[in-house]
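J.:
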Amino acid sequence: MIKSLRKKWIYITLITTVLIVFTRITPVKAAANGQLKVHFIDVGDADCILIQQGNKSMLIDAGNNLDEDVIKKYLLNLGIDRFDIIVGTHVDEDHIGSMDAIINDFEIDKIYMPQSDTTTKYLEDVMEAVRKKGLQVTAPVSEEVFNLGEAVCTILAPVSMGYEKLNNYSIVIKLQYGNTSFLFTGDAESVSEREMMRRGFDLSADVLKLGHHGSISSTSDEFLDRVNPQYAVIMLGRNNNYRHPHKRIMEKLKVKKIKVYRTDEKGTVVAESDGEKIIFNKEPGSYNYGK
Ligand SMILES: [Zn+2]
């Protein structure tokens with residue numbers, strides 16, 4: 031009797047061990063499964079943000095022209111072969127440089143890009159890829175709301191047209207997931223920030239992706255007060271030639287005790303939300319500024 035009981039226990043222990051080992055070696059699934067994952071992919075002096083909720087995926091910007099391989103490798107490692115939505119915030123190379131490659135190689139449902147009078151070589155490449163795939167570009171409309179799984183996205187900017195600088199055409203999106211929120215600003219400068227504030231939009235967000243790589247042209251005092259984030263993410267290259275991030279921006283963040291995550295110091299940064307709290311996969315970075 032005791033002998034057979036012991037045998038049973040040995041079997042149970044053996045099966046449990048096999049199960050634990052199997053779970054540990056099984057690769058992580060692409061789907062975020064009830065979580066929101068925001069990947070700030072390190073592409074140097076450029077933006078590229080992957081957002082996953084459930085089995086839905088969105089890409090905001092696609093780095094410089096030479097970042098194609100880095101971005102594709104990152105996406106394929108996660109098992110991503112399609113996007114529900116891609117957003118080219120504006121037509122500068124460091125935002126849509128590799129977007130033609132993404133459109134060529136991935137299945138895409140919807141593309142948002144702002145209308146502007148100016149064209150660039152990179153925009154022409156993107157438009158060619160769009161034509162080849164038989165897709166259409168949707169122009170952003172301020173206050174338009176769309177879903178990404180259970181996340182709710184609101185397009186805030188551009189509010190108007192006829193901007194002097196291409197940066198101000200940047201599509202700004204606020205994403206709400208449960209009680210947590212993110213604000214993605216592209217390279218929107220203080221002109222666009224003022225417009226959003228004048229419209230009385232609810233700009234408050236837990237995470238602010240700083241506009242224009244931490245440049246002084248963006249993140250004005252009043253805008254930062256209105257967003258009032260706990261965390262700031264800055265996408266920029268190591269020892270870049272633009273002296274990003276700007277001294278005054280970093281001082282503001284430090285005074286307000288906003289935790290900073292920067293791709294020049296930490297590489298790719300991933301934020302994960304369960305709808306109540308946000309956890310980053312890296313420790314916060316420094317308040318050092320570009321020199
Ligand atoms: Zn930029």
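Following our numbering, the numbering of the sequence shown begins with 31 at its first residue and continues without gaps.
Backbone N, C-alpha and C fix where the C-beta goes; we use that ideal spot for every residue, glycine too.
Since F212 sits in a beta bridge, which residues does DSSP pair it with?
T.: Per DSSP, L205 and V237.
J.: Taking I201 as the reference, give the member of E173, P188 and P275 with the closest Cα.
T.: P188
J.: If you pair each beta-carbon of the segment 120-133 with each one of the segment 79-99, do three or more pairs fall below 8 angstroms?
T.: yes
J.: Would you check if the segment 105-115 and the segment 77-87 touch, i.e. whether three or more CB-CB distances between them fall below 8 angstroms?
T.: yes
J.: By Cβ distance, which residues of its chain are closer than 7 angstroms to V290, with the 5 residues on each side in sequence left out?
T.: A262, I264, L283, P314, G315 and Y317
J.: Can you tell me which of V100, I71, G320 and K151 puts its alpha carbon nearest to the alpha carbon of V121?
T.: Each of V100, I71, G320 and K151 was checked against the Cα of V121, and the nearest Cα belongs to K151.
J.: If we count the other Cβ atoms within 10 Å of its Cβ and call it buried at 16 or more, is Q82 buried or exposed?
T.: buried
J.: Going by DSSP, name the residue or residues bridged to A187.
T.: V202
J.: Give the DSSP-derived three-state secondary structure of A218 in the structure shown.
T.: Secondary structure of A218 (DSSP, three-state): coil.
J.: Apart from the five residues just before and just after E252, which ones in its own chain have a Cβ nearer than 7 angstroms to its Cβ?
T.: M227
J.: Heavy atom of ligand 1 less than 7 angstroms from the Cβ of D77, yes or no?
T.: Yes, ligand 1 has a heavy atom inside 7 angstroms of this Cβ.
J.: Could you check what DSSP says for K102 in three-state terms: helix, strand or coil?
T.: helix
J.: Measure from the alpha carbon of I79 to the alpha carbon of each residue in N197, E281 and T119, then state which is nearest.
T.: Each of N197, E281 and T119 was checked against the Cα of I79, and the nearest Cα belongs to T119.
J.: With respect to the beta strand (DSSP E) encompassing F231, which residues constitute its N-terminal and C-terminal limits?
T.: Taken as a continuous stretch (DSSP letters only), F231 belongs to no beta strand (DSSP E), as it is neither H nor E.
J.: For ligand 1, which residues count as neighbours when the test is a C-beta closer than 5 angstroms to any heavy atom?
T.: D124 and D217
J.: Can you list, in chain order, the residues of its chain whose CB lies under 6 angstroms from that of V156, leaving out five sequence neighbours each side?
T.: I126, M129 and D130
J.: Compare the Cα-Cα distances from K102 to each of V221, V73 and I246 and report the closest residue.
T.: V73
J.: If we call anything under 8 angstroms between Cβ atoms a contact, is N198 one with A169?
T.: no
J.: Taking DSSP's pairing of strands, which residues face E302 in a bridge?
T.: Per DSSP, the beta-bridge partners of E302 are K67 and I309.
J.: Using only the alpha-carbon positions, how far apart do V100 and E123 sit?
T.: 16 angstroms
J.: Enumerate in chain order the residues of its own chain whose CB-to-CB distance from Y319 is below 7 angstroms, with the five nearest sequence positions on each side excluded.
T.: P275, H276, K277 and M280
J.: What I want to know is whether the C-beta of S200 ends up closer than 7 angstroms to one or more non-hydrogen atoms of ligand 3.
T.: In terms of ligand content, the structure shown lacks ligand 3 and carries ligand 1 instead.
J.: Is it right to say R161 is buried, meaning 16 or more other beta carbons lie within 10 angstroms of its own, or is it exposed?
T.: exposed
J.: Hey, out of D255, R273, V300 and K307, whose CA is closest to K287's CA?
T.: D255
J.: Closest to N271 by CA distance: which of A76, F70 and L66 is it?
T.: Residue A76 holds the alpha-carbon nearest to the alpha-carbon of N271 among A76, F70 and L66.
J.: Quick check: the Cα distance between A61 and G267, rounded to an integer number of angstroms?
T.: At A61, the pLDDT of 38 sits below 50, so the modelled position is not reliable; the number obtained from the coordinates is stated separately. A61 and G267 have their C-alpha atoms roughly 29 angstroms apart.
J.: For V257 versus F70, is the C-beta spacing smaller than 8 angstroms?
T.: Against a cut-off of 8 angstroms, the Cβ pair of F70 and V257 comes out as no contact.
J.: Run through DSSP, which three-state label would M265 get?
T.: coil
J.: Which residues share a DSSP beta bridge with V156?
T.: DSSP output for V156 lists no bridge partner at all.
J.: Thinking C-alpha only, which one of D294, F310 and A301 is nearest H243?
T.: Among D294, F310 and A301, the Cα nearest to that of H243 is on D294.
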